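Under my numbering, the first residue of the sequence shown is numbered 647, with each subsequent residue one higher. See below for the structure under consideration.
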Amino acid sequence: MNSIVTFPNRIPVQEFEERRFKVFTDRQLDKIEAIQNLPEETLFEMKVVASVLPFRVNEYVINELINWDKVPNDPIYQLVFPQKGMLKDEHYERMAQLHREGADKKDIQAAAKEIRDALNPHPAGQMEMNMPELDGEVLDGVQHKYRETVLFFPSQGQTCHSYCTFCFRWAQFVGDKDLKMASTDAEKLHGYLQKHTEVSDLLVTGGDPMVMKTKNLVQYLEPLLQPEFDHIQTIRIGTKALTFWPYRFVTDKDADELIELFAKLVDAGKHVAIMAHYNHWQEITTDIAEEAIRRIRA
Ligand code: SF4
Numbered sequence: 647m648n649s650i651v652t653f654p655n656r657i658p659v660q661e662f663e664e665r666r667f668k669v670f671t672d673r674q675l676d677k678i679e680a681i682q683n684l685p686e687e688t689l690f691e692m693k694v695v696a697s698v699l700p701f702r703v704n705e706y707v708i709n710e711l712i713n714w715d716k717v718p719n720d721p722i723y724q725l726v727f728p729q730k731g732m733l734k735d736e737h738y739e740r741m742a743q744l745h746r747e748g749a750d751k752k753d754i755q756a757a758a759k760e761i762r763d764a765l766n767p768h769p770a771g772q773m774e775m776n777m778p779e780l781d782g783e784v785l786d787g788v789q790h791k792y793r794e795t796v797l798f799f800p801s802q803g804q805t806c807h808s809y810c811t812f813c814f815r816w817a818q819f820v821g822d823k824d825l826k827m828a829s830t831d832a833e834k835l836h837g838y839l840q841k842h843t844e845v846s847d848l849l850v851t852g853g854d855p856m857v858m859k860t861k862n863l864v865q866y867l868e869p870l871l872q873p874e875f876d877h878i879q880t881i882r883i884g885t886k887a888l889t890f891w892p893y894r895f896v897t898d899k900d901a902d903e904l905i906e907l908f909a910k911l912v913d914a915g916k917h918v919a920i921m922a923h924y925n926h927w928q929e930i931t932t933d934i935a936e937e938a939i940r941r942i943r944a
């Protein structure tokens with residue numbers, strides 16, 4: 647799918663081609679061409695840190711957002727590529743030693759788990775506190791921390807198009823079920839919201855809910871148009887897709903349906919707030935990022 651757009655004062659007409667989403671994780675560090683000329687020591691540090699904390703970067707971020715002439719000081723490089731300072735010295739040394747010795751995968755994974763467990767993956771007791779109940783049953787993937795706001799963590803949105811080095815939600819990404827908050831249960835979410843008329847805001851969060859297919863988002867959000875959810879006035883969607891994958895809103899196969907869903911909710915009187923997470927102006931310097939913002943605001 648292509649999208650044609652007119653920027654009145656800048657680019658007269660622009661056509662955006664669909665782009666294939668290609669992602670690299672810790673297992674493909676050696677496949678990222680752009681980093682192969684970095685010092686050996688930097689590459690080793692990346693490998694060590696990425697064996698403890700989740701690492702994921704996509705080709706658009708590598709090729710369009712990072713100014714490689716400025717690495718290591720480039721802000722987007724700093725935002726996504728693992729660095730030694732992300733681990734405590736003793737944790738770093740322990741993992742570095744295993745890599746130096748050529749330890750096997752099982753030992754590396756076991757050490758990584760122990761280090762992660764020591765990092766307080768869910769500060770403020772998030773796995774025990776703020777967990778609401780419906781009919782005596784704890785709702786997974788839902789938090790009710792503030793009177794008017796319910797947070798929802800849909801399981802299909804518990805990853806991101808790239809990972810930030812500062813992320814405090816990394817526990818969602820490491821594949822450890824005990825550390826993960828997530829729900830696929832739209833019915834339970836709706837049942838809870840229906841009963842709690844003091845709730846005016848639903849915050850859909852992750853990970854990044856914009857990783858989800860539009861059809862999943864429809865399943866969670868469209869029922870809120872029924873009269874029994876009139877008290878839900880604001881639907882907030884926390885996302886960094888405008889930075890990491892703006893194609894989600896422009897040329898991905900279900901981008902049009904996504905924009906239509908937003909329009910439908912807004913036309914029905916809901917306030918839809920895209921809580922775009924930005925860290926640096928460089929994240930919105932591409933034409934596709936500008937077009938994604940334009941489509942959301944249209
Ligand atoms: S986008 Fe948000 S949830 Fe995803 S890695 Fe970055 S900080 Fe974490």
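Idealized CB from N, CA, C, for every residue including glycine. Just so it is clear, the structure is predicted and the values come from calculations on it, not from any experiment.
Asked                                                                                                                   : Found
Where the alpha helix (DSSP H) through Thr889 begins and ends                                                           : Ala887 to Phe890
Asp720: CB within 7 Å of a non-hydrogen atom of the ligand SF4                                                          : no
Those residues, in chain order, that have a beta-carbon closer than 5 Å to some heavy atom of the ligand SF4            : Cys806, Tyr809, Cys810, Cys813, Arg815 and Lys886
Through-space distance from Val703 to Phe819, alpha-carbon basis                                                        : 13 Å
Terminal residues of the beta strand (DSSP E) in which Ile920 lies                                                      : His917 to Ala922
Whole-Å CB distance - Arg882 paired with Leu849, under 8 Å assumed                                                      : 4 Å
N- and C-terminal bounds of the beta strand (DSSP E) containing Phe670                                                  : Val669 to Thr671
Three-way DSSP call (helix, strand, coil) for Leu907 in this model                                                      : helix
6 Å Cβ shell around Tyr812 - same chain, five flanking residues per side excluded                                       : Checking the sequence shown, residue 812 turns out to be Phe, not Tyr. Cβ neighbours of Phe812 beyond the five flanking positions: none.
Host beta strand (DSSP E) of Glu791 (start-end)                                                                         : The identity of residue 791 in the sequence shown is Lys, whereas the question assumes Glu. From DSSP, the beta strand (DSSP E) with Lys791 extends over Val788 to Tyr792.
Buried or exposed (CB count within 10 angstroms, at least 16 for buried), Asp854                                        : buried
Per DSSP, the bridge partner or partners of Pro800                                                                      : Ser829
DSSP beta-bridge partners of Leu849                                                                                     : Leu797 and Arg882
Nearest-angstrom beta carbon gap, Val784 and Met732 [assumed within contact, 8 Å]                                       : That pair is no contact at about 32 Å.
The segment 861 to 870 in contact with the segment 905 to 915 per 3-pair CB rule at 8 Å                                 : yes
Asn704, DSSP secondary structure in three states                                                                        : strand
Three-state class that DSSP yields for Glu664 in the structure shown                                                    : coil
Whole-angstrom distance between Ala742 and Lys751, CA atom to CA atom                                                   : 13 Å
Residues of its chain near Ser697, where Cβ-Cβ distance is below 7 Å and the 5 sequence neighbours each way are ignored : Asp672, Met741, Ile754 and Ala758
Close Cβ partners of Trp891 (< 6 Å) along its chain, the five nearest in sequence each way excluded                     : His807
Counterpart residues of Glu929 in DSSP-defined beta bridges                                                             : Answer is none; Glu929 lacks a bridge partner.
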